[in-house]
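Remember, the numbering used here sits 184 above the position in the sequence shown when you count from 1.
Just so it is clear, CB atoms sit at the ideal spot from N, CA and C, and this is done for glycine as well.
Below: one structure, written as structure tokens.
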Amino acid sequence: MAGFADGSFTLIYLDPPFNTGRVQERQIESARSGGEAPAAGSVVRRGFHGRDYERVRGALRTYDDRFDDYWGFLEPRLFEAWRLLSPEGTLYLHLDYRESHYAKVMLDAVFGRDHFLNELIWAYDYGAKTRRRWPSKHDTILVYVKNPAAYHFDSEAVDREPYMAPGLVTPEKAARGKLPTDVWWHTIVPTTGREKTGYPTQKPEGILRRIVQASSRPGDRVLDAFAGSGTTGAVASVLGREAVLIDANPSAIDVMRGRMPGAVVIARTDQDAVG
Ligand SMILES: C[S@@+](CC[C@H](N)C(=O)[O-])C[C@H]1O[C@@H](n2cnc3c(N)ncnc32)[C@H](O)[C@@H]1O
């Protein structure tokens, strides 16, 4: 991420690993104690909402020390993503119920509440259901725009969906379908079929398609910095966008290569990086 120029991407989608754990936190701490300043982080603290940010961060640390595990990993990557967003760009951060409340408070503090656009709920219904509480069957996608006065959003380009009660609207409207709201009912990746790659955390193309359609135009550049099986790239290339996909896991790179045979692989891992 550090290699790209400021404002390089119209759309950035981040689907980070959950429960990143203390290992990564320790790596970040040791990098700092080695005298390496977290450059992107300090820029944001100076440039955006410095005091608010530090106050909220301090409060969350006191409230729940698991916050550090998660935020210590995500923070530098979010700051970098913000730097890479073009002035009309949009950041989508895909999380689940364990993390999304922390992230929303932090992003409001870092980027400013007026940059918040939406909280999308992706609801699905699959897998075992506990009988001890309401089974958790949704993810949360937080959406922030770089410039609230000039962001790109094209609702006309988005795939529409069937009305729940088509008898209540005109036949023309029913035939056209309705614009999705901020609650998206969508199946998980089917266990068989064209889309399935076998990558464990693969997200459905239908979810990414809406995001790419709404928040970028043909020819725009799209970044996914936790690309996994490459869903963002698979969708973006079909829609005529140029996608940059990053993943730390070599098997993710292999899956992406199979899914997008025309893709250019720049570096396989930190160890054998060539560019
Ligand atoms: C939730 S998955 C992303 C799934 C993806 N959206 C898809 O549709 O397949 C998170 C990904 O982050 C990758 N990852 C974890 N730590 C990373 C890091 N430090 N840098 C880049 N990628 C990382 C993992 O290898 C994993 O593929």
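Local Cβ density within 10 Å of residue i, reported as buried at 16 or more and exposed below that
i: residue 385; result: exposed
i: residue 352; result: exposed
i: residue 246; result: exposed
i: residue 356; result: exposed
i: residue 318; result: exposed
i: residue 400; result: buried
i: residue 416; result: buried
i: residue 295; result: buried
i: residue 437; result: buried
i: residue 449; result: exposed
i: residue 366; result: exposed
i: residue 189; result: exposed
i: residue 451; result: exposed
i: residue 344; result: exposed
i: residue 238; result: exposed
i: residue 461; result: There is simply no residue 461 to check, as the chain begins at 185 and stops at 459 in what is shown.
i: residue 431; result: buried
i: residue 380; result: exposed
i: residue 412; result: buried
i: residue 348; result: exposed
i: residue 418; result: buried
i: residue 315; result: exposed
i: residue 323; result: buried
i: residue 291; result: buried
i: residue 394; result: buried
Beta-ladder partner(s) of residue i, from DSSP
i: residue 322; result: 307
i: residue 336; result: Answer is none; residue 336 lacks a bridge partner.
i: residue 280; result: 323
i: residue 272; result: According to DSSP, residue 272 bridges with nothing at all.
i: residue 345; result: 362
i: residue 329; result: 274
i: residue 300; result: 328
Beta-carbon proximity list for residue i, same chain, < 7 Å, skipping 5 on both sides
i: residue 421; result: 427 and 444
i: residue 302; result: 327 and 366
i: residue 233; result: 293, 294 and 296
i: residue 287; result: 277, 279 and 326
Cutoff 8 Å; reference residue i; Cβ partners in own chain excluding five residues on either side
i: residue 198; result: 261, 262, 265, 275, 276, 277, 278, 408, 409 and 410
i: residue 403; result: 424, 425 and 426
i: residue 289; result: 240 and 244
i: residue 196; result: 265, 268, 269, 273, 274, 275, 276, 406, 407, 408 and 409
Start and end residues, alpha helix (DSSP H) containing residue i
i: residue 252; result: 250-268
i: residue 389; result: 389-399
i: residue 408; result: Looking at the DSSP string, residue 408 is not in any alpha helix (DSSP H); the run it does join, the beta strand (DSSP E), is 405-408.
i: residue 287; result: 284-295
i: residue 363; result: Segment: none, residue 363 is in no alpha helix (DSSP H) and carries neither H nor E.
i: residue 352; result: Element bounds for residue 352: n/a, residue is neither H nor E.
i: residue 243; result: 234-247
i: residue 416; result: 415-422
i: residue 438; result: 434-443
Residue-chain proximity (residue i, chain D), Cβ-Cβ < 9 Å
i: residue 394; result: Given the protein chain composition of this structure (a single chain), no chain D is represented.
Run of the beta strand (DSSP E) containing residue i, from where it starts to where it stops
i: residue 198; result: 193-198
i: residue 427; result: 426-429
Other residues of its chain near residue i: CB distance less than 6 Å, five sequence neighbours each side excluded
i: residue 153; result: Outside the modelled stretch of the chain, which goes from 185 to 459, sits residue 153, for which no answer is possible.
i: residue 139; result: Missing from the structure shown is residue 139; the chain here goes from 185 to 459 and no further.
i: residue 329; result: 274, 299, 301 and 335
i: residue 272; result: 334, 335 and 336
i: residue 350; result: 358
i: residue 186; result: none
i: residue 392; result: 415, 416 and 419
i: residue 320; result: 281
Worksheet item: Does the stretch 277-292 touch the stretch 330-340, meaning 3 or more C-beta pairs lie closer than 8 Å?
Response: no
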